[in-house]
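Student: No gaps in the numbering here: position 26 of the sequence shown is 28 in our numbering, and each next residue is one more.
Note that the Cβ used here is the ideal one computed from N, Cα and C, for glycine as well.
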Amino acid sequence: MSREKVLFRTHSAPFQAPQWSVGSFVDHQGTVYKVTRWKELRPLSLDRGGMLREWEVYGRKASSKEVSDDLMSGLEELLRGEDEKD
C-alpha cells in the first residue's frame with residue numbers, strides 16, 4: 003500500500019467539491035490517486051480584511067486493481083439502471 007501525501011490545496015469546502023470526496027479517484031500530475039482525507043488549515047487573513055478558508059486534499063496512489071474494480075462497479079450500476087428503464 004502506498005503512502006498518503008498532500009495532492010493539492012483548495013479554497014472549496016469538502017461539500018462544494020464532490021469530485022474530490024473521500025474515496026474518489028483523481029488524476030494528479032498524470033498519476034491516479036484515491037482521496038483519503040481532507041484537512042482544514044488555518045484561515046488566511048486577507049489584506050482588505052476578512053478571512054479565506056483553505057483545505058489540503060490527501061490521497062494515496064491507487065492500484066490498477068482498485069481503479070478497474072471501481073470502473074466495473076460503475077458499469078454494473080449503469081447497466082442495472084438501463085435494465086430498470088426497459
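1. Residue 61 lies in the beta strand (DSSP E); which residues open and close that run?
2. From which residue to which residue does the beta strand (DSSP E) around residue 13 run?
3. According to DSSP, residue 53 sits in a beta bridge with which residue or residues?
4. Could you give the DSSP three-state label for residue 69: helix, strand or coil?
5. Using a 10 Å radius around the Cβ and a threshold of 16 neighbouring Cβ atoms, would you call residue 61 buried or exposed?
6. Using only the alpha-carbon positions, how far apart do residue 9 and residue 68 sit?
7. For residue 6, does the three-state DSSP call read helix, strand or coil?
8. Tell whether a beta-carbon distance below 8 Å holds between residue 93 and residue 46.
Tutor: Reading it off the structure:
1. That run of the beta strand (DSSP E) goes 57 to 63.
2. From DSSP, residue 13 is part of no beta strand (DSSP E); its letter is neither H nor E.
3. DSSP links residue 53 through a beta bridge to 47.
4. Helix.
5. By the 10 Å Cβ count, residue 61 comes out buried.
6. Spanning the alpha carbons of residue 9 and residue 68 requires a straight line of approximately 18 Å.
7. Here residue 6 sits in coil by DSSP.
8. What the structure shows of the chain is the stretch from 3 to 88, and residue 93 is not part of that stretch, so it cannot be assessed.
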